[in-house]
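Please read the structure below before turning to the comments.
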Amino acid sequence: MTTPDFNLEDFLPYRLSIAANTVSKRIAETYAPYKLSRTQWRVMAVLATCQQMTAQMVADKTGMDKTTVSRAVGKMLERGLVKRSASEQDGRSAPLSLSVAGREMFTKIAPEALRQERELKSMFSDEDLDKLTSFLNKLLDEH
1010 MTTPDFNLED
1020 FLPYRLSIAA
1030 NTVSKRIAET
1040 YAPYKLSRTQ
1050 WRVMAVLATC
1060 QQMTAQMVAD
1070 KTGMDKTTVS
1080 RAVGKMLERG
1090 LVKRSASEQD
1100 GRSAPLSLSV
1110 AGREMFTKIA
1120 PEALRQEREL
1130 KSMFSDEDLD
1140 KLTSFLNKLL
1150 DEH
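For the sequence shown, our numbering gives the first residue as 1010, with consecutive numbering after it.
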């Protein structure tokens, strides 16, 4: 039985996954001291920028599984980093927002995360960054 021409190193989904994991590990250095998981950090960042969202909305925005987001939110609720409001339209989907403690934690982490982003961007020319942004937007628009 012959195998198709398959070179893992040239397989775009593999390379994108490795690149995403590499960047995520680097950014994790900024929130790890605060005992946040990758999912919790993403939930925190989304709620910091979008104010109130349901767990489903966070999952949709981040491309993460709703169950994974809900587990992260549960742990963040236990730690007092997130608060849940009663929904006026739908009792099942309560809006989430960062608590005062969650917002304070985010304001401590965000400057270092932005520094990491600047360092990452410094590897590219402005033209390359524009192309990368365009390519990523094209991929994400298909999502």
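Where is the CB? At the ideal position from N, CA and C, for every residue including glycine.
Is DSSP giving residue i helix, strand or coil here?
| i | result |
| --- | --- |
| ARG1093 | strand |
| SER1106 | strand |
| ASN1016 | coil |
| PHE1044 | A small correction: the amino acid at residue 1044 is Lys; Phe does not occupy that position in the sequence shown. It is coil, neither helix nor strand. |
| SER1131 | coil |
| GLY1072 | coil |
Which residues does DSSP pair with residue i in a beta bridge?
| i | result |
| --- | --- |
| MET1062 | LEU1105 |
Note the first and the last residue of the continuous alpha helix (DSSP H) segment covering residue i.
| i | result |
| --- | --- |
| PHE1144 | 1135-1151 |
| GLY1083 | 1075-1087 |
Whose C-beta lies closer than 8 Å to the C-beta of residue i among residues of the same chain, with five residues either side of it excluded?
| i | result |
| --- | --- |
| MET1085 | GLN1049, VAL1052, MET1053, VAL1091 and GLY1111 |
| GLY1089 | SER1108, ALA1110 and GLY1111 |
| LYS1130 | LEU1138 |
I believe residue i touches residue j by the beta-carbon criterion, under 8 Å. Please report the beta-carbon distance rounded to the nearest angstrom.
| i | j | result |
| --- | --- | --- |
| ILE1036 | ALA1122 | 6 Å |
| SER1102 | THR1063 | 4 Å |
| SER1033 | GLN1061 | Not a contact, Cβ separation roughly 26 Å. |
| VAL1055 | THR1071 | 6 Å |
| GLN1125 | THR1039 | 6 Å |
Leaving aside the five residues before and after residue i along the sequence, list all residues of the same chain whose C-beta is less than 7 Å from its C-beta, in chain order.
| i | result |
| --- | --- |
| ALA1023 | The residue asked about is misnamed: residue 1023 is Tyr in this sequence, not Ala. Same-chain partners within the cutoff: LEU1017. |
| ALA1068 | ASP1074, LYS1075 and VAL1078 |
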